[in-house]
Amino acid sequence: MATCPFLSLKNRKLNAGFNNYSEYAFKQKNRDYSIEDCFKFHESIEKCVVPIWKQLGSFLKKNLDVKTYRPWDLAPCNLQKYPFENYINLLDGIEEMLRKTDSCFYEEFTHIRKAGLIDVQERKNKAPGAACFTLSHSKDVFVYSNFSSSFYAIHALIHELGHAFHFYKQFNNESSMQERYLREEVAELYSLSLELLLMDKLNIFYTQEDDYKEVQQAQLYRTLSLLISSVSGDVFQHWLYTNPNHSPEERDEKYIELCKRYQYSSVDIAGVENEIGSSHFTLFSFLFIKLNMQLRK
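Mapped onto this note's numbering, the consecutive letters of the sequence shown carry residue numbers 1 to 297.
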């Protein structure tokens, strides 16, 4: 039987007095939830969320008017309309969303904007994506994004502003800079929460009722996708480390089985099974379950 180098290495943790790498990892990461809590959470997601995910898949399949719902059909937002004309419209719209949501968030955003601590304008040779950087000396943040006019531009900026508001909260605590770095369990708490808090304000950008409903569905799709895919990967990793003598073929079979139970439960993946996978299991063990634990809160 072929052995997997990274599994062999991680199973050396038995020498430290643990039954498997899962037990060691939870101790080493100092998680405030247990392996048993994760197992209960897995069951809850499969019981309560997967049925909703399947319903959403059926709805999207009907909207696309396709006989078979395939992995390349999974883009949740297909609106062709531009939700804003330029970056000023984008910032104005986000500002109005925050004003209607929370006065503290609104004031922090207006400060960021007036101080020139936000760059969302498209321009040549500007790197793609979005990010939020801390400025430790001034206790400020810098928010960056680069997208064309779309739902994803709005979504990305909201997400990064969630990080910004979280950092301001941390800056208000008189603590060392090291303590201001966000732990895995809370690093995405504000960003993911803000996406949902502003979900009912998307009609500021999408004034037509049908468009408004579609972008809300896109946001719901993202949230459910995070819940389901993270749980699927977590179930798989616990299986990896509690069954260290499995073969590569058994590993592939188990992964596809879990995909069909969770994130691809509404999708036909026949013929493309070999294209489905992820490298984060080997690079960042038990990483994405933290996203679920934050959404759970």
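In this text, a Cβ means the ideal position worked out from N, Cα and C, and glycines have one as well.
Output yes or no for whether 8 angstroms exceeds the beta carbon distance between L192 and I158.
-> no
Once you ignore the five residues that flank L259 on each side, which residues in its own chain have a CB closer than 8 angstroms to its CB?
-> According to the sequence provided, residue 259 is Cys. The question's Leu does not apply to it. Closer than 8 angstroms at Cβ, skipping near neighbours: S232, I269, I276.
State the beta-bridge partners of Y262 as determined by DSSP.
-> Partner(s): none; Y262 has no beta bridge.
Compute the Euclidean distance between the alpha carbons of N19 and F26, then round it to the nearest angstrom.
-> 12 angstroms
Can you list the alpha helix (DSSP H) stretches of 4 or more residues lying completely in the stretch 135-180, in chain order?
-> Within the stretch 135-180, the alpha helix (DSSP H) runs of at least 4 residues that lie entirely inside it are, in chain order, 151-171, 177-180.
Say whether the stretch 59-79 touches the stretch 228-248, bearing in mind that this needs 3 or more beta-carbon pairs closer than 8 angstroms, one atom from each stretch.
-> no
Enumerate, from N- to C-terminal direction, the unbroken alpha helix (DSSP H) stretches of 4 or more residues contained entirely within the stretch 218-278.
-> 248-261
Are A218 and F151 close, meaning C-beta to C-beta below 8 angstroms?
-> yes
Residues in its own chain within less than 6 angstroms of A164 by CB, not counting five upstream and five downstream?
-> Hits under 6 angstroms: C132, V141, V143.
Under a Cβ-count criterion, where at least 16 other Cβ atoms within 10 Å of its own Cβ denotes burial, should R31 be classed as buried or exposed?
-> Per the 10 Å Cβ criterion, buried.
Could you name the residues that DSSP lists as bridge partners for F133?
-> F142
Helix, strand or coil at D119 [DSSP, three-state] = strand
Check whether A81 and D211 have beta carbons under 8 angstroms apart = It should be noted that the sequence gives Lys, not Ala, for residue 81. In this structure, D211 lies closer than 8 angstroms to K81 by Cβ.
Any C-beta of chain D sitting closer than 8 angstroms to the C-beta of V235?
-> The chain labelled as chain D is not found in the depicted structure, where only one protein chain is given.
Whole-angstrom distance between G93 and E36, CA atom to CA atom = 43 angstroms
In chain order, what residues of the same chain have a beta carbon less than 7 angstroms from the beta carbon of S278, not counting five sequence neighbours either side?
-> G233
Where G57 sits in the DSSP three-state scheme | helix
Check K288 in the structure and name its three-state DSSP category.
-> Correcting the residue type first, residue 288 is Phe in the shown sequence and not Lys. Reduced to three states, the DSSP call for F288 is coil.
Within 8 angstroms, strictly: CB atoms of Y262 and V66 | no
Distance between beta carbons of Y221 and L56, contact taken as under 8 angstroms | 6 angstroms
Euclidean distance between Cα positions of C104 and G162 | Going by the C-alpha atoms only, they are around 12 angstroms apart.
Report back the beta-carbon spacing between V267 and Y33 to the nearest angstrom; my notes put them in contact at under 8 angstroms.
-> Contact doesn't hold; Cβ gap of about 30 angstroms is too wide.
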